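Engineer: Residues in the sequence shown are numbered consecutively from 399, following our numbering.
Just so it is clear, CB atoms sit at the ideal spot from N, CA and C, and this is done for glycine as well.
Note that this is a predicted model, so its numbers are computed, not measured.
Below is a structure I'd like to ask you about.
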Amino acid sequence: MRRTSRLALVLTTAAALTTTACGGGGFNNSGSSSTASQKSGPAKLTMMIGSSGDAETNAVKDATAAWGKKTGNTVEVVAASNLAQQLGQAFTGGNPPDVFYGADTSIGDYAKAGDLYAYGDQLKDASFVPALVKTFTVGGKFYCAPKDFSTLGLVVNTDLWKAAGLTDADYPKTWDDLESVAKKLTKGKVTGIVIGNDINRSGAFMKQAGGWVINDDGTKMTATDPGNLKGLQEVKKLMDAGVLKFNTDTSPATGWGGEAFGKGIAAMTIEGNWIVGSQTKDYPKIKYKVVELPAGPAGKGTLMFSNCWGIAAKSGHQSQAVDLVKYLTSADQQMAFAKAFGVMPSTTSGVDQYQKEYPQFAAFAAGGAYGQGAVNAPGMQPVMAKFNSELATLSKGGDPKKMLDELQKNGEAVLSGS
């Protein structure tokens, strides 16, 4: 799960914008079927993950070991230090892991390259959250099962909230409410709200205003739709009022919204459920409450972040790998992962269990019903990286309309293959 933006990944791809925008080629569906001879009997699978730490790594190892004991197979789990890089090298070298974490923003590129085995139609009994199915569907094919997900919620420092004379009745339901409470919470070194400086946070305002970057099936850019400008103008309005800052503009600058919140220089932040682990470990004295993001002119809106269980097209053990994924996405196993390292189940039944088990974080789970998934169209990562670098200048006089116009132009060039 992403604590901050995908900055480390997107910076490596930003320089490729011109090349990508000018590259041609249609969609390659070669990943939709097996491209390797299949082996029967007990299998030794390799799995590559991008782990958040020992708790996640150990939970995955325990789960795969339990499945192996049940089926007679074995799984070697490799916790990559740089998942995107190591996966890329494995695919290029022709020896990819059988199973791996597939990032929501990368799924289109992997599918176009023919690296994925599309097995989603084999999991018809699983009740995955519909928005997650859409995230991992490219060219009409459901490529891989969503592993889990996170959404954005409004995280509030309850001590600062009370000190400002605010009560439970004041938790913001609308943009106007947010402006009002952010103003009351801004005092001295404390800013009412601090967020990350890219679309992974400001994009929630775009969604609440009825906009988004691209249409539902990833075939048409919609960056210049009015809702997107309205959303970014709301962020700028809060900035101009001095009640919202990007994490990079706090004093001192902070690495992400959760750090600003934990250090007490942000009364509120917009973050995902990964903040729970950070607060517990790094800032245990800060008392907080999580509520749903306030609605905008078009209603409620949040962003969703996820990985899937990718299976390599070149794997010789695809049937065993699919069986493993079915085990890993069962309700019981997903709740075991939730308890171990804080993620939310990717199935509707799992979400129901999560809300009952963790009512204090129900706001995160509720976002699954109206959340917006990542931009997954092939070739779009450099385009989004360029947009993010410009969005970071919003606090320094950047023009949101120009940013969106350029995003539209660059995205259209990628989608048209020009």
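Using the beta-carbon count (16 or more within 10 Å), is Gln677 buried or exposed?
Structural biologist: On the sequence shown, residue 677 is found 279 positions in, with the first residue counted as 1. So Gln677 ends up on the buried side.
Engineer: Please confirm whether Lys545 and Ser704 have their CB atoms less than 8 Å apart.
Structural biologist: Residue 545 sits at position 147 when you count from the first residue of the sequence shown. Residue 704 sits at position 306 when you count from the first residue of the sequence shown. Going by C-beta atoms, Lys545 is nearer than 8 Å to Ser704.
Engineer: Cβ atoms of Cys542 and Gly512: under 8 Å apart, would you say?
Structural biologist: Within the sequence shown, numbered from 1, the residue matching residue 512 stands at position 114. Within the sequence shown, numbered from 1, the residue matching residue 542 stands at position 144. No, these two residues do not count as a Cβ contact at 8 Å.
Engineer: Comparing alpha-carbon positions, which option in Ile591, Gly538, Thr462 lies nearest Asn471?
Structural biologist: Taking the sequence shown and counting its residues from 1, the one referred to as residue 471 is at position 73. Per the Cα distances, Thr462.
Engineer: What residue range does the beta strand (DSSP E) around Asn555 cover?
Structural biologist: In the sequence shown, counting from the first residue as 1, residue 555 sits at position 157. That run of the beta strand (DSSP E) goes 543-555.
Engineer: Identify every run of the beta strand (DSSP E) within the stretch 642-689, keeping only runs that are complete inside it and at least 3 residues long; order them along the chain.
Structural biologist: 642-644, 664-670, 686-689
Engineer: In whole angstroms, what separates the C-alpha of Lys661 from that of Gln483?
Structural biologist: One-based indexing of the sequence shown puts residue 661 at position 263. One-based indexing of the sequence shown puts residue 483 at position 85. Straight-line Cα distance between these residues: approximately 33 Å.
Engineer: Using the beta-carbon count (16 or more within 10 Å), is Ser649 buried or exposed?
Structural biologist: Residue 649 sits at position 251 when you count from the first residue of the sequence shown. Exposed: under 16 other Cβ atoms inside 10 Å.
Engineer: Compare the Cα-Cα distances from Ser728 to each of Gln716, Ser717, Val688, Met742 and report the closest residue.
Structural biologist: Indexing the sequence shown from 1 puts residue 728 at position 330. Answer by Cα proximity: Met742.
Engineer: Between the stretch 587-594 and the stretch 521-541, are three or more C-beta pairs nearer than 8 Å?
Structural biologist: no
Engineer: Of all the options Val579, Ala775, Gly629, Lys685, which has the alpha carbon lying nearest to the alpha carbon of Leu802?
Structural biologist: For the purposes of this step, residue 802 is taken as the residue at position 404 of the sequence shown. Its Cα nearest to that of Leu802, the residue Gly629 stands out among Val579, Ala775, Gly629, Lys685.
Engineer: Sort out for me which residues DSSP pairs Lys442 with in a bridge.
Structural biologist: Reading the sequence shown from its first residue, position 44 is the one you call residue 442. DSSP, once it has assigned bridges, lists Thr472 as partnering Lys442.
Engineer: Can you tell me whether Ala464 is buried or exposed? The criterion is at least 16 other CB atoms within 10 Å of its CB, across all chains shown.
Structural biologist: On the sequence shown, residue 464 is found 66 positions in, with the first residue counted as 1. Ala464 should be labelled exposed.
Engineer: In the DSSP assignment, find the alpha helix (DSSP H) that holds Thr533 and state where it starts and stops.
Structural biologist: In the sequence shown, residue 533 corresponds to position 135, counting from 1. It spans 528-533 - the alpha helix (DSSP H) in which Thr533 sits, taken as one unbroken run.
Engineer: Around the Cβ of Gln732, are there at least 16 other Cβ atoms within 10 angstroms (buried) or fewer (exposed)?
Structural biologist: Locating residue 732 in the sequence shown gives position 334, where the first residue counts as 1. Per the 10 Å Cβ criterion, buried.
Engineer: To the nearest angstrom, how far is the alpha carbon of Lys582 from that of Leu636?
Structural biologist: Locating residue 582 in the sequence shown gives position 184, where the first residue counts as 1. Locating residue 636 in the sequence shown gives position 238, where the first residue counts as 1. The alpha-carbon atoms of Lys582 and Leu636 are separated by roughly 13 Å.
Engineer: In or out: Gln487 buried (at least 16 other Cβ within 10 Å) or exposed?
Structural biologist: Taking the first residue of the sequence shown as 1, we reach residue 487 at position 89. It is exposed - the Cβ of Gln487 has fewer than 16 other Cβ atoms within 10 Å.
Engineer: Please state whether DSSP places Trp707 in a helix, a strand or coil.
Structural biologist: Counted from its first residue, the sequence shown places residue 707 at position 309. DSSP places Trp707 in strand when its eight states are reduced to three.
Engineer: Got a sec, what are the start and stop residues for the beta strand (DSSP E) Tyr499 sits in?
Structural biologist: In the sequence shown, residue 499 corresponds to position 101, counting from 1. Run containing Tyr499: 497-501, per the beta strand (DSSP E) assignment.
Engineer: Go to Thr565, then tell me how far its alpha helix (DSSP H) extends in each direction, as first and last residue.
Structural biologist: As a first step, residue 565 is located in the sequence shown; it is residue number 167 there, counting from the start. Where Thr565 is concerned, there is no enclosing alpha helix (DSSP H), given that its DSSP letter is neither H nor E.
Engineer: Determine the extent of the alpha helix (DSSP H) in which Ile819 is found, giving its start and end residues.
Structural biologist: Since the first residue of the chain shown is 399 and the last is 816, residue 819 is not available in this structure.
Engineer: Is DSSP giving Lys807 helix, strand or coil here?
Structural biologist: The residue given as residue 807 occupies position 409 in the sequence shown. Correct three-state label for Lys807: helix.
Engineer: Could you check where the beta strand (DSSP E) with Gly590 kicks off and where it finishes?
Structural biologist: Residue 590 sits at position 192 when you count from the first residue of the sequence shown. From DSSP, the beta strand (DSSP E) with Gly590 extends over 589-593.
Engineer: From the DSSP output, which residues share a beta bridge with Gly608?
Structural biologist: Residue 608 sits at position 210 when you count from the first residue of the sequence shown. None, per the DSSP bridge assignment.
Engineer: Count the other CB atoms, across all protein chains shown, that sit within 10 Å of the CB of Pro495; report buried if there are 16 or more and exposed otherwise.
Structural biologist: Indexing the sequence shown from 1 puts residue 495 at position 97. Buried, because 16 or more other Cβ atoms sit within 10 Å of the Cβ of Pro495.
Engineer: How about Thr535 and Ala772: are their beta carbons less than 8 Å apart?
Structural biologist: Taking the first residue of the sequence shown as position 1, residue 535 is located at position 137. Taking the first residue of the sequence shown as position 1, residue 772 is located at position 374. Cβ distance not < 8 Å, so Thr535 and Ala772 don't count as in contact.
Engineer: Taking only the alpha-carbon atoms, compute the straight-line gap between Glu804 and Met619 and give it to the nearest angstrom.
Structural biologist: If you number the sequence shown from 1, residue 804 lands on position 406. If you number the sequence shown from 1, residue 619 lands on position 221. Each residue's alpha carbon lies about 11 Å from the other.
Engineer: Find the nearest neighbour of Ala761 within the set Lys724, Asp730, Thr746, Leu691, judged by alpha-carbon distance.
Structural biologist: Sequence index remark: in the sequence shown, residue 761 carries index 363 (1-based). Ala761 has its Cα closest to that of Leu691, out of Lys724, Asp730, Thr746, Leu691.
Engineer: Whole angstroms is fine: what's the gap from Lys605's alpha carbon to Ala736's?
Structural biologist: The sequence position of residue 605 within the sequence shown is 207, counting from 1. The sequence position of residue 736 within the sequence shown is 338, counting from 1. Looking at the two C-alpha atoms, the distance is approximately 27 Å.
Engineer: Which same chain residues, not among the five before or five after Gln751, have their C-beta less than 6 Å away from its C-beta?
Structural biologist: Position 353 of the sequence shown holds residue 751. Excluding positions up to five away in sequence, the list reads Met733.
Engineer: CA-CA distance, Phe659 and His715?
Structural biologist: Sequence index remark: in the sequence shown, residue 659 carries index 261 (1-based). Sequence index remark: in the sequence shown, residue 715 carries index 317 (1-based). Between Phe659 and His715, the C-alpha separation is close to 46 Å.
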